[in-house]
Amino acid sequence: MSASSVCPALSPNLPRLGITALTATTAAGPGQGALLDALRDRRGALAPCDFLDVDLPTWIGRVADLESVSLPRDLSDYDCRNNRLAELGLYQDGFVEAVAAAVQRHGVERIGVVLGTSTSGILHTELAFRERDPETGALPSPLHYATTHELSSAPRYVRDRLGLKGPIYAVSTACSSSGKVFASAQRLIATGMCDAVVVGGVDSLCLTTLYGFASLELTSTGPCRPGDVARDGISIGEAAGFALVEADRGEAALCLFGVGESVDAHHMSLPHPEGRGAELAMRRALDAASLSPESVDYVNLHGTASRVNDAAEDRALESVFGPGQACSSTKGWTGHTLGAAGITGLVTGALAIEHGFLPGTLNTEHVDPAFTADYLVENRDQPPARVMTNSFGFGGNNCSLLFGRPEENA
Amino acid sequence: MKLSISGIGFVGAALADWDEAADALRNGREPGHMPLDELGRALKADRLPRTERRRAGKSTRLAMTACWEAVEAAGIDPATLPMVFASSTGDTEVLTHSCASLAETERMISPIRFHNSVHNAASGYWSISVGAQEPATAIAAHNETAAVGLLEAGMQATLGNRPVLLVVYDLPFPEPMHQAEPISEPLAIALVIQPAREGEGDQLNIELAAVTDRGDPAMADPAWERLRREVPTGRLLPLLEAMGRGEPREFLLALDGTIGLDLSYQPKS
C-alpha cells in the first residue's frame, strides 16, 4: 500500500517560499564559507570530547570560542551558551542586513521568529545545580530561567536583537525541530499572519544530551561513520542556523518547494525498522511540492551513524525513490547537531546547489552492503538543482524539506 | 481564521473533567487545588498500558488525559488528527531530576528519563497509543504558549481544512526549580479545533492584533483569575469560561508586549 494514497500532505496547497537569506555556524566555523571549505577539503570538525569536565569516551562537534562571545549589555539576561551560539550565528553571511532589508519591505510587526531546539539553554540550569546552597538546596538567584533554559529563549533573543515584533515561538520535537520550523513559517505566511519569518535552529552542547545519548549507548567512541557497515553511533555537535523566508516573488535564488511532516507511532527512541514514518515524511514533501521522486537530485540524509537509524532511512529511501538514489550524510563533518540538524542539512544542501557538487560522507570506508541507495562516500562533481534533507527525532518525529533552484520547478 | 471547537478536555483544579469544570465556571464555583504528588490519581484516564504508564512522565499522562476527553467529545478517531502539543516547560519533574543528577559525581541519566525529557515526549506517547502518523508538533513560548498553540492549531485546521488536536499543558516544577519558575498548579486543556461551518457549532474567530485596552482577558472570580495568571495554560480560561457558560466573549491573548491574538467566541445559536 502506498503511503501517499492514504495520507495526503497536511496542507497540500501551500505557496512555496523564497529563501532570501541563509547562514549556519557549526563546528566547521562561523558562517557558510567555513562549512563549504570543510566540505570541499574533506576536513572534519569533530574532535575528542573536551567539553567542560565531561568524562565520556566520545567525539564532539564543538563551535570554537563560544566562551568569549558576549551579548549586548541590555540583553545580558539572555546570557548562556545557547544564546551566545545564536548571537555568533546571527552575525554571519550578511543575515542581519538581509533581515533589516526585509523590515524595510514588510515592517517589524510582519516578521515572526520560529526556531527549533532540543535543549535550549539547559546547560545554564545544569551548571546552576552545581552551585546549590549546601544548607537549603536553593539554586543561585536569579536563575534567569525564562531567558536562558526556557525553550523559546533563543527566538525571543533573536526577536529582541533584531527589533522584530511578529509572533515568536520554539518548535521542540527533538532532532526534527529545525526542519519543522519551515512548516510553521509556511503556515504563518499562507494565513497572512506574517510576511516573512526568521526560521532555523540553535542547539548547543550540554550534559543532558551528552550523558543521555551515552546512556542509550548511541554515541560512538570515535568520529561518527554514517552508513558504514561498521558504524557504531553518533557524534554530538552544536550549531546555529537561520533562514529568512518570504512568500516567493520569483526573485529568490533558492526556494522551499515543500515540507513533509509525520510521526512513526512506533517507539519513543527507536525508528520504525522499515522507516515507515520517514517514508511518509518524504512522500508528503514531494506531494506538497507537486514533484516526482525522479526530480530529486540529492538527499542529505538524517544519517546519524546509529545502527538502526541509518538502516531504517535507507529502507525508506528505497520505498520512495527506488534503489540508487544519490544521497549522503554530512554528520561526519559537523556531528549530529540535534535541534539544529534540519537547518544544518538545508544549508549544506544549499551550498551543494550553489557550488555545483554533491558532498560525500566523511569517515566512512565501507558503505553497508545492505543499503540500496547510491550512498556517496567521496564528493561528486555534479550540480544538483533539487535537494531533499531529512531530520528525524525521538518520539518518532520526522520532517523532510524539499528545496532548490526556482527555475527548476517550472 | 474562522474556527469551531468540537471537543474539550480539562484536567486540573481538582475538577474531574470538562463537565465539572464547565459547571464550576457556569455556577461561580472556585477551582480547587491539586498538589503535584496527588496528581497521579487524576491521570488514570491516560489509558496507557501499565508498563508505559510506569515509564511515561507525569506531563505526558496529564496531556493524554485531556486529549482523550477532547477527542471522544468530538467523536473523531484520534489517529486521523494532526497534533499540536504546547507546553511552556514540558516535563518539569524529569528536567529537574535530570539536572540534579547531572550535578552529582555519578552524572547518571537513565535512558527512559532521557527520552522523557524531550519536549515532544507527550506527543510521542500519544501518537503511539492512538496509532497516529499525522504531523505532530511540540511548541513553547513561555507565558505565551497557549496563544501560539492556538495560533499553530488554528493555522493547521484552516490550511488543511480539517480538524486538529491541540493540547496545552503545564506541570509545576519541583523545588528548587519552582523558586526560579513558579507554576502554581498542574493544568491541561485539550481542544479539537476545526474550520467553522456555516450554521453548525460554535464559532471562534482568531486574528492577529495590536495590543490595546480592548479585550481584557481577566476572569471575574479571583481564584480562577489566579489560575489564569499563575499557570501559562490558564491563559485559555477566559475562552473556557465563555464555552462553559455558552456566552459570547471577546478578549486578547497576548503574544508579547505589542501584539496578540484577538479572540472572538460565539456559542452555537
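Residue numbers (the working numbering), protein chains in the order written: chain A, 12 to 421; chain B, 18 to 286.
The beta-carbon is built from N, C-alpha and C at its ideal position, and this holds for glycine as well.
Exercise. Does any CB atom of chain A fall closer than 7 Å to the CB of S21/B?
Worked result: Sequence index remark: in the second sequence, residue 21/B carries index 4 (1-based). Interface criterion not met: the Cβ of S21/B is under 7 Å from no Cβ in chain A.
Problem set entry | Candidates C91/A, T69/A, D85/A and W70/A: closest to S79/A by CA position | In the first sequence, counting from the first residue as 1, residue 79/A sits at position 68. When each option's Cα is compared against that of S79/A, the closest is C91/A.
Exercise. If you draw a straight line from the alpha carbon of L21/A to that of A153/B, how long is it in whole angstroms?
Worked result: Position 10 of the first sequence, counted from the start, is the residue given in the question as residue 21/A. Position 136 of the second sequence, counted from the start, is the residue given in the question as residue 153/B. At L21/A the pLDDT is 49, less than 50, meaning the model places this residue with poor confidence and gives no usable figure here.
For this session: Would you check if the distance between the CB atom of V185/B and the CB atom of T109/B is smaller than 7 Å?
Result: Position 168 of the second sequence, counting from 1, holds the residue named residue 185/B. Position 92 of the second sequence, counting from 1, holds the residue named residue 109/B. Not a contact, by the Cβ cut-off of 7 Å.
For this session: Could you name the residues of the region 151-165 of chain B whose beta carbon sits closer than 9 Å to any beta carbon of chain A, in the order they occur along the chain?
Result: Listed by position, the residues of the region 151-165 of chain B near chain A (Cβ gap below 9 Å) are E151, P152, A153, T154, A155, I156, A157, A158, H159, N160, E161, T162, A164 and V165.
Exercise. Q196/B touches chain A at which residues, Cβ-Cβ below 9 Å?
Worked result: If you number the second sequence from 1, residue 196/B lands on position 179. Residues of chain A whose Cβ lies closer than 9 Å to the Cβ of Q196/B are, in chain order, A149, L150, S152 and L154.
Exercise. Can you name the residues of chain A whose CB is closer than 8 Å to the CB of L119/B?
Worked result: One-based indexing of the second sequence puts residue 119/B at position 102. Those within 8 Å of L119/B in chain A are E137, F140, L218, T219 and Y222.
Exercise. DSSP beta-bridge partners for G123/A?
Worked result: Walking along the first sequence from the start, residue 123/A turns up at place 112. G123/A is bridged to V208/A.
Exercise. Going along the chain, which residues of its own chain have a beta-carbon closer than 6 Å to the beta-carbon of L199/A, five neighbours each way excluded?
Worked result: Taking the first sequence and counting its residues from 1, one reaches residue 199/A at position 188. Apart from sequence neighbours up to five positions away, the residues of its chain that approach L199/A with a beta-carbon distance below 6 Å are G123, C205 and V208, ordered along the chain.
Exercise. Do T232/A and S115/B have their CB atoms nearer than 7 Å?
Worked result: As a working mapping, residue 232/A is identified with position 221 in the first sequence. As a working mapping, residue 115/B is identified with position 98 in the second sequence. No; because the gap between Cβ atoms is not below 7 Å, this pair is not in contact.
Problem set entry | Alpha-carbon spacing of P282/A relative to L255/A, whole angstroms | Translated into the one-based positions of the first sequence, residue 282/A becomes position 271. Translated into the one-based positions of the first sequence, residue 255/A becomes position 244. In a straight line, the C-alpha of P282/A is about 31 Å away from that of L255/A.
Exercise. Terminal residues of the continuous beta strand (DSSP E) containing Y282/B?
Worked result: By one-based count along the second sequence, residue 282/B stands at place 265. For Y282/B, the enclosing beta strand (DSSP E) begins and ends at I276 to Q283.
Exercise. What's the gap between the Cα of E290/A and the Cα of L79/B?
Worked result: Against the first sequence, residue 290/A aligns to sequence position 279. Against the second sequence, residue 79/B aligns to sequence position 62. Taking the straight line from one Cα to the other gives about 31 Å.
Exercise. Which of helix, strand or coil does DSSP assign to F382/A?
Worked result: The residue given as residue 382/A occupies position 371 in the first sequence. Note: F382/A maps to coil in three-state DSSP.
Problem set entry | With 16 other Cβ atoms within 10 Å as the buried cut-off, status of S163/A | For the purposes of this step, residue 163/A is taken as residue 152 along the first sequence, with counting starting at 1. The residue in question, S163/A, is buried, as its Cβ has 16 or more Cβ neighbours within 10 Å.
For this session: Using only alpha-carbon positions, find the residue among S131/A, V398/A and H155/A that is nearest to A139/A.
Result: Here residue 139/A is taken as the residue at index 128 of the first sequence, counted from 1. Closest by alpha carbon: H155/A.
Exercise. Taking 7 Å as the CB-CB limit, is V274/A close to chain B?
Worked result: The residue given as residue 274/A occupies position 263 in the first sequence. In terms of beta-carbon proximity, V274/A lines the interface with chain B, with at least one pair separated by less than 7 Å.
Problem set entry | Counted within 10 angstroms of its Cβ, other Cβ atoms place E203/A as buried (16 or more) or exposed | Along the first sequence, read from residue 1 onward, the residue named residue 203/A stands at position 192. Looking at the sequence provided, one finds Gly at residue 203/A rather than Glu. Exposed, because fewer than 16 other Cβ atoms sit within 10 Å of the Cβ of G203/A.
Problem set entry | V110/A versus G274/B: straight-line alpha-carbon distance, rounded | Along the first sequence, one-based indexing puts residue 110/A at 99. Along the second sequence, one-based indexing puts residue 274/B at 257. The straight-line gap separating the alpha-carbon atoms of V110/A and G274/B is approximately 21 Å.
Exercise. Closest by CA to H50/B, which one among A259/B, L269/B and E247/B?
Worked result: Taking the second sequence and counting its residues from 1, the one referred to as residue 50/B is at position 33. The shortest Cα separation from H50/B among A259/B, L269/B and E247/B belongs to E247/B.
Exercise. By how many angstroms is the C-alpha of M100/B removed from the C-alpha of A39/B?
Worked result: In the second sequence, counting from the first residue as 1, residue 39/B sits at position 22. In the second sequence, counting from the first residue as 1, residue 100/B sits at position 83. Rounded to the nearest angstrom, the two C-alpha atoms are 24 Å apart.
Exercise. How many whole angstroms separate the CB atoms of A138/B and R141/A, which I take to be in contact at a CB cut-off of 8 Å?
Worked result: Reading the second sequence from its first residue, position 121 is the one you call residue 138/B. Reading the first sequence from its first residue, position 130 is the one you call residue 141/A. For a cut-off of 8 Å, the C-beta gap from A138/B to R141/A is around 26 Å, too long to register as a contact.
For this session: Assuming A292/A and C410/A form a contact by the criterion Cβ under 8 Å, report the distance between their Cβ atoms to the nearest whole angstrom.
Result: By one-based count along the first sequence, residue 292/A stands at place 281. By one-based count along the first sequence, residue 410/A stands at place 399. At roughly 6 Å, the Cβ-Cβ gap stays under 8 Å, so A292/A and C410/A are in contact.
For this session: Can you say whether T229/B is buried or exposed, counting buried as having 16 or more other CB atoms within 10 angstroms of its CB?
Result: As a working mapping, residue 229/B is identified with position 212 in the second sequence. With fewer than 16 Cβ atoms within 10 Å of its Cβ, T229/B is classed as exposed.
For this session: Find the nearest neighbour of A327/A within the set F405/A, R54/A, A384/A and G177/A, judged by alpha-carbon distance.
Result: Walking along the first sequence from the start, residue 327/A turns up at place 316. Comparing C-alpha distances from A327/A to each of F405/A, R54/A, A384/A and G177/A shows the shortest one belongs to A384/A.
For this session: Keeping to the same chain, check which residues put their C-beta closer than 6 Å to that of M194/B; ignore five residues upstream and five downstream.
Result: Translated into the one-based positions of the second sequence, residue 194/B becomes position 177. Only T113 meet the Cβ criterion.
Exercise. Is the number of C-beta pairs between the region 305-316 of chain A and the region 388-400 of chain A that are closer than 8 Å three or more?
Worked result: Flag = yes, the region 305-316 of chain A and the region 388-400 of chain A touch.
Exercise. Which whole runs of the alpha helix (DSSP H) in the region 167-195 of chain A are 4 residues long or more, in chain order?
Worked result: Those alpha helix (DSSP H) runs which fall completely within the region 167-195 of chain A and span 4+ residues do not exist here.
Exercise. What do you get for V210/A, buried or exposed, if any count of 16 or more other CB atoms within 10 angstroms of its CB means buried?
Worked result: As a position in the first sequence, residue 210/A is number 199, starting the count at 1. It counts as buried.
Exercise. So with Cβ pairs under 7 Å, would you call V182/A a contact of chain B?
Worked result: Counting from one through the first sequence, the residue named residue 182/A turns up at place 171. V182/A counts as touching chain B.
For this session: Give the interface partners of H277/A over in chain B, defined as CB-CB distance under 7 Å, in chain order.
Result: One-based indexing of the first sequence puts residue 277/A at position 266. Within chain B, the residues whose beta carbon sits less than 7 Å from that of H277/A are I145, listed in sequence order.
Exercise. Cβ of I96/A within 7 Å of Cβ of V213/A?
Worked result: Start at 1 with the first residue of the first sequence, and residue 96/A comes out as number 85. Start at 1 with the first residue of the first sequence, and residue 213/A comes out as number 202. The sequence shown places Leu at residue 96/A, rather than the Ile named in the question. Cβ distance < 7 Å, so L96/A and V213/A count as in contact.
Exercise. Does the Cβ of S146/B have 16 or more other Cβ atoms within 10 Å, making it buried, or fewer, making it exposed?
Worked result: Your numbering for residue 146/B matches position 129 in the second sequence. S146/B should be labelled buried.
For this session: Take S339/A as the anchor and find which of R287/A, E228/A and Y386/A has the nearest alpha-carbon.
Result: Position 328 of the first sequence, counted from the start, is the residue given in the question as residue 339/A. Of R287/A, E228/A and Y386/A, the residue nearest in Cα terms is Y386/A.
For this session: Please decide whether M172/B counts as near chain A, where near means a Cβ-Cβ distance under 7 Å.
Result: Looking up residue 172/B in the second sequence gives position 155. Taking CB atoms only, M172/B has a neighbour in chain A less than 7 Å away.
Exercise. Whose CA, out of F268/B, I200/B and A149/B, lies closest to the CA of G407/A?
Worked result: Walking along the first sequence from the start, residue 407/A turns up at place 396. Ranking F268/B, I200/B and A149/B by CA distance to the CA of G407/A puts A149/B first.
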